[in-house]
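Peer 1:
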Amino acid sequence: MADRNTPVLIGTVPLLYVQSLSITEGYQIERIAGSRFSQAIAPTAKTIAVEATLPGPDRLLLKKQLEALALVSRVMVAATAPLLAVTGIPVVCGMTVSLDMQITDLRFTQSVTKREALDVSLTLRHVPRSSVTAILGEAADLALAAGTALSAGTPPPAPVPRIPLEPLAAGLAVGV
209 MADRNTPVLI GTVPLLYVQS LSITEGYQIE RIAGSRFSQA IAPTAKTIAV EATLPGPDRL
269 LLKKQLEALA LVSRVMVAAT APLLAVTGIP VVCGMTVSLD MQITDLRFTQ SVTKREALDV
329 SLTLRHVPRS SVTAILGEAA DLALAAGTAL SAGTPPPAPV PRIPLEPLAA GLAVGV
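Counting from 209, one number per residue, gives the positions in the sequence shown under the working numbering.
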């Protein structure tokens, strides 16, 4: 199980080398009229932040696919992926299944240390398009949670062994 690499799917774009994924959810709190009590009345927008690396020769193709998903115009997005005219961008990962997401921030970084890879940082926000897709998204998320709870065992704490890079290992051997 430790050698399996489960991708994070942003629409149809598989991100195989995700460094971090965080979900932010909250609730709108309102004071009850004529009372000193407050009540959570509605959830605020859910956001998902993903940090990943796009390695190898396919990195620019994946970059263009993410840029196409991030287009603001629903007509342009629908032309790119016809199903997105009805729903938003689905995000499928080990932590959630979220439908009706829209990319609100997309950043690519290339550095000297990773010439053959791009680092990508993207933020998605839940933008419900219909109550049917909202219910389907919540049902899929609940099914993921139930399936995870029933799965056998827990993964090891560090499934990928950490190996120092050659320059760092050589520097340590010399005592630098």
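Built from N, CA and C at the ideal position, the CB exists for glycine as well.
1) Can you tell which of Val258, Pro265, Leu269 and Ala325 has the C-alpha that lies nearest to the C-alpha of Ile218?
2) With 8 Å set as the bound, which would you pick, yes or no: does the beta-carbon of Val300 sit closer than that to a beta-carbon of chain B?
3) What number of angstroms, rounded off, separates the C-alpha of Ala347 from the C-alpha of Leu224?
4) Could you tell me which residues DSSP pairs with Arg239 in its beta bridges?
5) Mapping DSSP to helix, strand and coil, what is Glu324?
6) Roughly how many angstroms lie between the CA atoms of Asp211 and Gln227, to the nearest whole one?
7) Just the C-alpha distance for Val184 and Leu269, rounded to the nearest angstrom, thanks.
Peer 2: Working from what's here:
1) Val258
2) Although the question refers to chain B, the structure presented lacks it and comprises just one protein chain.
3) 25 Å
4) Ser246
5) strand
6) In this prediction, Asp211 has a pLDDT of 48, which is less than 50 and means its spatial position is unreliable; what the coordinates show is noted afterwards. Roughly 16 Å between the two C-alpha positions.
7) Outside the shown range of the chain, which is 209 to 384, sits residue 184, and nothing can be said about it.
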